[in-house]
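Written out below as structure tokens is the structure these notes cover.
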DNA sequence: CGAAAACCTGTAAGTTCTGACAGCTTAAAT
DNA sequence: ATTTAAGCTGTCAGAACTTACAGGTTTTCG
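Protein chains in written order, with the working numbering: chain D, 1 to 248; chain A, 249 to 496.
Structure (structure tokens):
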């Protein structure tokens with residue numbers, strides 16, 4: 001639980017070059033902070049309809065297969081929390097499901113049977129629409145592990161940020177192309193106004209150019225983004241954070 | 249630096265109901281962890297072209313005015329890091345700016361003159377496209393404060409997550425309407441496929457309905473989102489995270 | 001039952017976008 | 001000095017979207 005170990009793990013994550021290395025580091029995190037299993041999942045919206053999913057799982061295989069096979073991700077209250085919040089969720093603070101909500105109730109019972117009695121889930125949202133979630137679990141009773149989990153929270157949360165960063169780096173290099181499609185200023189401007197619902201003619205007035213020019217830039221942007229039309233380009237540009245260049 | 253203080257701050261943030269209360273809590277964070285000033289800024293994309301900006305500043309007023317007035321946010325390397333990463337940035341790890349990059353060089357010099365010699369910046373991205381940044385600073389030399397900042401990092405990072413959550417809650421209740429515009433399943437489906445670049449006719453094939461019906465749903469969605477056309481609806485739906493209902 | 005909401009479908013005129021054609025200027029880089 | 005990239009502009013036909021009209025069924029809830 002010493003800060004030194006946390007620092008060491010962070011440096012290991014910054015140096016990691018493969019998913020396997022990261023997996024091994026996660027195991028170490030479990031060992032150091034008194035957890036048994038971990039699971040990391042990230043969703044990267046390369047496409048909205050079919051986002052790229054990425055798993056690093058230290059969960060029992062049987063449970064993982066059951067979880068994915070039965071679509072438990074739709075049910076899991078932990079997932080819902082992580083989609084909407086940025087704060088860690090120690091499982092003992094989970095509200096008991098509504099009476100009528102049988103599926104959730106059953107799901108949580110099953111999880112306990114698989115040795116996931118207590119734990120904490122750490123959400124992580126990236127600047128490019130990625131959503132990720134690291135769960136650390138133990139088979140101890142919630143009462144016993146509560147204080148230990150609370151004490152570990154600041155460390156594992158910080159670690160989860162570096163984990164996320166490491167995964168992004170590794171995935172970008174070895175798996176998919178998180179192509180950053182460099183757009184020109186004009187292209188971004190035209191996309192921005194198009195996303196604000198302006199027609200080409202209106203955007204032309206705003207930018208003091210001809211309508212034809214606006215269309216031209218939007219077409220170029222669409223080509224660079226490798227999309228089929230204007231709507232697609234807008235959606236892609238928004239998820240990739242290509243618009244809103246200025247913070248202020 | 250004890251965990252108990254961290255826990256106490258988090259509980260205070262969870263209970264905070266106004267921006268003033270949050271400001272006060274941030275001051276306490278500074279005091280506890282040995283910083284002098286803090287600044288929190290969040291950008292919420294209610295509109296892409298004119299996002300809602302939200303400040304809680306404990307910086308010297310003169311510096312804050314200068315910073316905003318001169319558009320330093322465009323230059324500030326700390327802001328650039330926070331837009332692209334999820335990990336904390338201790339200022340001493342900032343790479344020195346390129347030789348030719350005079351504006352950045354000058355900017356950093358000015359910051360030092362205003363008593364912002366060392367510090368750390370904590371990025372935070374929310375699940376609905378919000379981007380936020382908490383900076384904690386001190387007038388000590390980087391060498392002196394380095395180890396203290398490193399030790400505080402896990403705590404202040406965790407705190408920054410709860411801070412962000414608290415700000416979201418307060419803003420939603422007292423300032424702007426982060427209206428969640430409830431769309432029906434069909435409307436979301438149609439928006440999703442439109443965002444994927446499908447024409448109404450194509451979406452109709454996918455959903456096994458008539459083209460007219462798809463147009464109808466998209467129009468209804470646009471009305472509910474209070475936008476002027478399809479492109480606008482797509483952009484809004486994407487930033488608000490209304491699409492991609494399933495994680496898996 | 002009646003009302004509301006989700007869901008579904010059609011026509012027609014007008015506007016906007018798309019794709020393919022062709023060509024210009026200016027500033028930076030080799 | 002030549003190339004390259006960004007930026008800019010035009011026309012035209014056909015495809016797609018918008019708006020406004022007018023209807024329908026099914027499910028849910030009070």
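Even for Gly, the Cβ is constructed at its ideal location relative to N, Cα and C.
Keep in mind that this is a model prediction, so the values were computed, not measured.
What runs of the beta strand (DSSP E), each 3 residues or longer, lie entirely inside the segment 100 to 141 of chain D? 118 to 125, 131 to 138
If I follow the unbroken beta strand (DSSP E) through residue 305(A), where does it start and stop? 300 to 305
Within the continuous beta strand (DSSP E) that includes residue 37(D), where are the two ends? 37 to 44
Could you work out which residues of chain A lie near residue 29(D), taking near to mean beta carbons separated by less than 9 Å? By Cβ distance, chain A contributes nothing, its closest Cβ being about 13 Å from residue 29(D), past 9 Å.
Rounded C-alpha distance that separates residue 89(D) from residue 208(D): 50 Å
Name the chain D residues that come within less than 8 Å of residue 480(A), Cβ to Cβ? 195, 196, 197
Residue 308(A): which of 358(A), 263(A), 377(A), 299(A) sits nearest, CA to CA? 358(A)
Measure the C-alpha to C-alpha separation of residue 330(A) and residue 116(D) and round it to an integer number of angstroms. 34 Å
Neighbour list for residue 54(D) in chain A, Cβ cutoff strictly below 7 Å: The premise fails here: residue 54(D) is roughly 12 Å from chain A at the closest Cβ pair, so nothing lies under 7 Å.
Could you give the C-beta distance for residue 491(A) and residue 48(D), rounded to a whole number, given that I count them as a contact under 8 Å? 5 Å
Identified DSSP bridge partners for residue 89(D): 121(D)
How long is the line joining the alpha carbons of residue 404(A) and residue 438(A), rounded to whole angstroms? 42 Å
State the Cα-Cα distance for the pair residue 217(D) and residue 486(A), rounded to the nearest angstrom. Whole-angstrom Cα-Cα distance: 22 Å.
Keeping to the same chain, check which residues put their C-beta closer than 6 Å to that of residue 278(A); ignore five residues upstream and five downstream. 286
Specify, as a first and last residue, the run of the alpha helix (DSSP H) that residue 318(A) falls within. Here residue 318(A) belongs to no alpha helix (DSSP H), and DSSP marks it neither H nor E.
Applying the 10 Å Cβ sphere with the 16-neighbour rule, what's the burial state of residue 183(D)? buried
Could you tell me whether any Cβ in chain D is nearer than 9 Å to the Cβ of residue 401(A)? True, the Cβ-Cβ gap to chain D drops below 9 Å.
Chain-order list of residues whose beta-carbon lies under 7 Å from that of residue 194(D) (same chain, five-residue window excluded): 203, 218, 230, 234
Does the beta carbon of residue 85(D) come closer than 9 Å to any beta carbon on chain A? yes
For residue 28(D), count neighbouring Cβ atoms within 10 angstroms of its own Cβ and tell me buried if that reaches 16, exposed if not. exposed
With DSSP collapsed to three states, give me the class of residue 227(D). coil
Three-state secondary structure assigned by DSSP to residue 457(A): coil
Using a threshold of 9 Å, state whether the C-beta atoms of residue 325(A) and residue 378(A) are closer than that. No. Outside cutoff.
Since residue 197(D) and residue 480(A) should fall inside the 8 Å C-beta cutoff, what is the C-beta to C-beta distance between them, to a whole number of angstroms? 3 Å
Mind checking the segment 364 to 396 of chain A against chain D and listing, in chain order, the residues whose C-beta falls within less than 7 Å of any C-beta there? 372, 373, 374, 375, 379
Are any of the Cβ atoms in chain A nearer than 9 Å to that of residue 221(D)? no
Could you check whether the Cβ of residue 263(A) sits closer than 9 Å to any Cβ belonging to chain D? no
Taking C-beta to C-beta, are residue 3(D) and residue 398(A) nearer than 9 Å? A distance below 9 Å separates the beta carbons of residue 3(D) and residue 398(A).
Min CB distance residue 171(D) to chain A below 9 Å: No - not a single Cβ of chain A is within 9 Å of the one on residue 171(D).
Of the residues 355(A), 332(A), 436(A), 410(A), the one placed nearest residue 323(A), counting alpha carbons only: 355(A)
Verify whether the separation of the beta carbon atoms of residue 367(A) and residue 381(A) is less than 9 Å. Between residue 367(A) and residue 381(A), the C-beta spacing is not below 9 Å.
Between residue 91(D) and the rest of its own chain, which residues show a CB-CB distance below 6 Å, the 5 nearest in sequence each way excluded? 118, 119
Just tell me which of 170(D), 186(D), 221(D), 159(D) has its CA closest to the CA of residue 121(D). 159(D)
Measuring only the C-alpha atoms, how far is residue 256(A) from residue 143(D)? 20 Å
Give me the residue from 302(A), 288(A), 416(A), 319(A) with the minimum Cα distance to residue 84(D). With distances taken between CA atoms, residue 84(D) lies nearest to 416(A) out of 302(A), 288(A), 416(A), 319(A).
Pull up the distance between the alpha-carbon of residue 94(D) and that of residue 311(A), whole angstroms please. 43 Å
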